[in-house]
Amino acid sequence: PSSTPTKQEKCYNPHDPTLTFVDGEDDLDFLYEGFKSRRAKMSCGHAVTPTSLTNWCRRLLDQGRSRFVCGGSGCSAEWTFAEVCKMALLTPEEMEYFQKTMEFNAARQTLATKLCPGCGFAVTRENGSDLNVLCKVCTAVKGRLFEFCWQCLREWKGARPRKDRCENDDCSNPSLETQKKNACADITWYGYGVHVECPCTCLLTSCIAAPRQTSIPVWKKK
Numbered sequence: 611p612s613s614t615p616t617k618q619e620k621c622y623n624p625h626d627p628t629l630t631f632v633d634g635e636d637d638l639d640f641l642y643e644g645f646k647s648r649r650a651k652m653s654c655g656h657a658v659t660p661t662s663l664t665n666w667c668r669r670l671l672d673q674g675r676s677r678f679v680c681g682g683s684g685c686s687a688e689w690t691f692a693e694v695c696k697m698a699l700l701t702p703e704e705m706e707y708f709q710k711t712m713e714f715n716a717a718r719q720t721l722a723t724k725l726c727p728g729c730g731f732a733v734t735r736e737n738g739s740d741l742n743v744l745c746k747v748c749t750a751v752k753g754r755l756f757e758f759c760w761q762c763l764r765e766w767k768g769a770r771p772r773k774d775r776c777e778n779d780d781c782s783n784p785s786l787e788t789q790k791k792n793a794c795a796d797i798t799w800y801g802y803g804v805h806v807e808c809p810c811t812c813l814l815t816s817c818i819a820a821p822r823q824t825s826i827p828v829w830k831k832k
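Per the numbering used here, residue 611 is the first one in the sequence shown, and the count goes up by one each step.
Dropping the structure here:
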């Protein structure tokens, strides 16, 4: 299913004895859509409707989150998946989508975490296009800014930000080195009757030497 907000409104059964209904505002109706369902209390005490809760949880998943946290003012309570399934009246399709997306986001977060070479604590890189990473633990302990390279896992050297390498010796990206070995200088580009020798060292479509064509180009090694 798409991650877009739920279009068809859901409503609680007003006779459900397992729900605690309240007369207050829908704490997750941030767009003031005025959902028709009665409001019910979550475990944290905030009032929701099944549609507003579904839309809020989809928003969290779209942001890459793998846990469901209350969006009510001043609240950071975490809900279990079971509570979300029940209170959001998730359909079987929605349950499957939510669970798979949670697992995907959790796996991606794990890949985005490495151990700091200074203290050994796990650090998450906030900017995926910058190899320079700040370790708050080492900074606090050492009393000075401590940054390390996400690529070579050594204390940072050189200017920042950088997305290719730091100034430590032998800091390199294996994938990039493989591309360099297959330099474009050894490749002939054929496309729609145009023959160009590409002088750059990458095979990216952004190469300025490659003419823009709507037809599919064919790369041929010399």
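Glycine residues also receive a C-beta, built at the ideal position from the N, C-alpha and C atoms. For clarity, every value in this text was computed on a predicted model and none was experimentally measured.
Boundaries of the alpha helix (DSSP H) in which residue i is found, first to last residue
i	result
Glu736	Where Glu736 is concerned, there is no enclosing alpha helix (DSSP H), given that its DSSP letter is neither H nor E.
Leu671	660-672
Glu703	702-721
Residue i in three-state terms, based on DSSP
i	result
Asn783	coil
Glu777	coil
Glu765	strand
Lys696	helix
Phe691	helix
Cys563	As shown, the chain starts at 611 and ends at 832. That puts residue 563 outside it, with no answer to give.
Asp626	coil
Lys746	helix
Lys620	coil
Lys646	coil
Residue interval of the beta strand (DSSP E) (run including residue i)
i	result
Leu638	Counting along the chain, Leu638 falls outside any beta strand (DSSP E), and DSSP gives it neither H nor E.
Cβ pair residue i, residue j closer than 8 Å
i	j	result
Val632	Leu663	no
Ser782	Gln719	no
Asn737	Cys762	no
Whole-Å CB distance - residue i paired with residue j, under 8 Å assumed
i	j	result
Cys685	Cys654	6 Å
Cys729	Val751	7 Å
Arg648	Pro624	6 Å
Pro660	Met712	The Cβ separation is near 19 Å, so there is no contact.
Ala722	Thr734	6 Å
Query raised in the report: Taking contact to mean at least 3 C-beta pairs separated by less than 8 Å, is the segment 733-744 in contact with the segment 764-771?
Result: Yes, the segment 733-744 is in contact with the segment 764-771.
Query - Cβ contact check for the segment 707-717 and the segment 668-685: 3 or more pairs under 8 Å - result: When Cβ pairs closer than 8 Å are counted between the two stretches, the segment 707-717 is seen to touch the segment 668-685, the count reaching three or more.
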